[in-house]
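**Student:** Sequence order for the protein chains is A and B.
If you want the numbering used here, it's the 1-based position in the first sequence plus 2.
If you want the numbering used here, it's the 1-based position in the second sequence plus 25.
Before we start, here is the structure in question, set down as structure tokens.
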Amino acid sequence: DTGVSQDPRHKITKRGQNVTFRCDPISEHNRLYWYRQTLGQGPEFLTYFQNEAQLEKSRLLSDRFSAERPKGSFSTLEIQRTEQGDSAMYLCASSFADYNSPLHFGNGTRLTVT
Amino acid sequence: QQPVQSPQAVILREGEDAVINCSSSKALYSVHWYRQKHGEAPIFLMILLKGGEQKGHDKISASFNEKKQQSSLYLTASQLSYSGTYFCGTEWGSQGNLIFGKGTKLSVKP
């Protein structure tokens, strides 16, 4: 168990650019979640996968955000045409697909849009 | 809907007790509790399922009141290491979509 790994740890980009983040979950876990967290707030749900299927996506999520988990292992989160309001910590978590399974979080990718 | 946590912040001296509450306006299926220290990822503490069970781990325990749709986290004889922000995450079905509250910042002073 090497934990949930996220890459990069930090990303600075200019407004209007596209960015992509990667998450490698714990290998035995079949669920993978993406959250966004801003200072002083709790993690905000973005989307989650069970294996390669995207089961739910937040209705608050802009069409500029897209996530994939092509082979049911690692996942990518892409943000197109970034805006300053996208600046946040993007957290990935994984778990087993059991109703009482805890989420294991990665250390996150901090995005700064200038 | 996002669960509501109270209080927003607590300052304790070592050895004092604290209670953090998490309330939902919708019927809950389960409640998760996590602690996050500054600059780190949230760490899992415990899960409570509907049925009113109570769980404990060392000097941290929690309860789930299904009638009130509320969970409470109890920290007894607090230690410096308990400092951090505590989040509850709630599920309203078994599909796995976990929604977090805004957090309660706990500061334990020597």
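Ideal Cβ placement from N, Cα and C applies to all residues, glycine included.
List, in chain order, every chain B residue whose beta-carbon is nearer than 9 Å to that of Pro-104 (chain A).
**Tutor:** Chain B residues near Pro-104 (chain A): His-57, Tyr-59, Phe-69, Leu-70, Met-71, Ile-72.
**Student:** Under 8 Å, Cβ to Cβ, is there at least one residue of chain A near Lys-62 (chain B)?
**Tutor:** Chain A, which has no Cβ nearer than 8 Å to the Cβ of Lys-62 (chain B), makes this no.
**Student:** When Cβ atoms are compared, which residues of the segment 43 to 58 of chain A fall closer than 9 Å to chain B?
**Tutor:** Listed in sequence order: Gln-43, Gly-44, Pro-45, Glu-46, Phe-47, Tyr-50, Gln-52, Leu-57, Glu-58.
**Student:** Under 8 Å between C-beta atoms, does Tyr-101 (chain A) make it to chain B?
**Tutor:** By this cut-off, Tyr-101 (chain A) is an interface position.
**Student:** Whole angstroms is fine: what's the gap from Tyr-50 (chain A)'s alpha carbon to Arg-38 (chain B)'s?
**Tutor:** Their Cα atoms are separated by approximately 39 Å.
**Student:** Hey, could you find the ends of the beta strand (DSSP E) Ile-145 (chain B) is sitting in?
**Tutor:** A query on residue 145 (chain B) cannot be resolved here, the shown segment of chain B reaching from 26 to 135 and no further.
**Student:** For Gln-86 (chain A), does the three-state DSSP call read helix, strand or coil?
**Tutor:** Helix, per DSSP.
**Student:** What's the gap between the Cα of Ser-96 (chain B) and the Cα of Gln-26 (chain B)?
**Tutor:** Near 16 Å, if we compare the C-alpha coordinates of Gln-26 (chain B) and Ser-96 (chain B).
**Student:** What number of angstroms, rounded off, separates the C-alpha of Glu-58 (chain A) from the C-alpha of Leu-48 (chain A)?
**Tutor:** Each residue's Cα considered, the two are about 8 Å apart.
**Student:** Pairing CB atoms from the segment 105 to 113 of chain B with CB atoms from the segment 10 to 30 of chain A, are three or more of them under 8 Å?
**Tutor:** Counting Cβ pairs under 8 Å, fewer than three are found: no touch.
**Student:** How is Tyr-54 (chain B) classed by DSSP in three states: helix, strand or coil?
**Tutor:** Residue state, collapsed to three classes: coil.
**Student:** Compute the beta-carbon to beta-carbon distance between Pro-28 (chain B) and Cys-113 (chain B), rounded to the nearest angstrom, for a pair I have assumed lies under 8 Å.
**Tutor:** Right, the Cβ-Cβ distance comes to about 6 Å (below 8 Å), so this counts as a contact.
**Student:** What does the alpha-carbon distance come out to for the pair Cys-47 (chain B) and Glu-70 (chain A)?
**Tutor:** Cα-Cα distance, rounded: 32 Å.
**Student:** Taking Gly-42 (chain A) and Thr-84 (chain A) to be in contact with their CB atoms under 8 Å, please state how far apart those CB atoms are, rounded to whole angstroms.
**Tutor:** The Cβ separation is near 22 Å, so there is no contact.
**Student:** Give a yes or no on whether the C-beta atoms belonging to Leu-131 (chain B) and Ala-43 (chain B) are separated by under 8 Å.
**Tutor:** For Leu-131 (chain B) and Ala-43 (chain B), yes; Cβs fall inside 8 Å.
**Student:** From Ser-68 (chain A) to Ile-81 (chain A), what distance separates their C-alpha atoms?
**Tutor:** Roughly 7 Å between the two C-alpha positions.
**Student:** Select from A:Ser-75, A:Gln-52, A:Val-115, A:Glu-46 the residue whose C-alpha is nearest the C-alpha of Asp-88 (chain A).
**Tutor:** When each option's Cα is compared against that of Asp-88 (chain A), the closest is A:Val-115.
**Student:** Take Phe-125 (chain B) and list the residues in its own chain whose beta-carbon comes closer than 6 Å to its own, dropping the five residues that flank it on each side.
**Tutor:** Hits under 6 Å: Phe-112, Gly-114.
**Student:** Grab me the residues of Glu-46 (chain A)'s own chain with a C-beta within less than 7 Å of its C-beta, minus the 5 sequence neighbours each way, in chain order.
**Tutor:** Closer than 7 Å at Cβ, skipping near neighbours: Tyr-37, Arg-38, Gln-39.
**Student:** Quick check on DSSP: helix, strand or coil for Tyr-111 (chain B)?
**Tutor:** Reduced to three states, the DSSP call for Tyr-111 (chain B) is strand.
**Student:** I'd like to know if Asn-32 (chain A) contacts chain B, where contact means its C-beta is closer than 8 Å to some C-beta of that chain.
**Tutor:** So no, Asn-32 (chain A) is outside the interface.
**Student:** For the candidate residues B:Gly-64, B:Leu-100, B:Phe-69, whose alpha-carbon lies nearest to that of Lys-84 (chain B)?
**Tutor:** Of the candidates B:Gly-64, B:Leu-100, B:Phe-69, the one whose C-alpha sits nearest the C-alpha of Lys-84 (chain B) is B:Leu-100.
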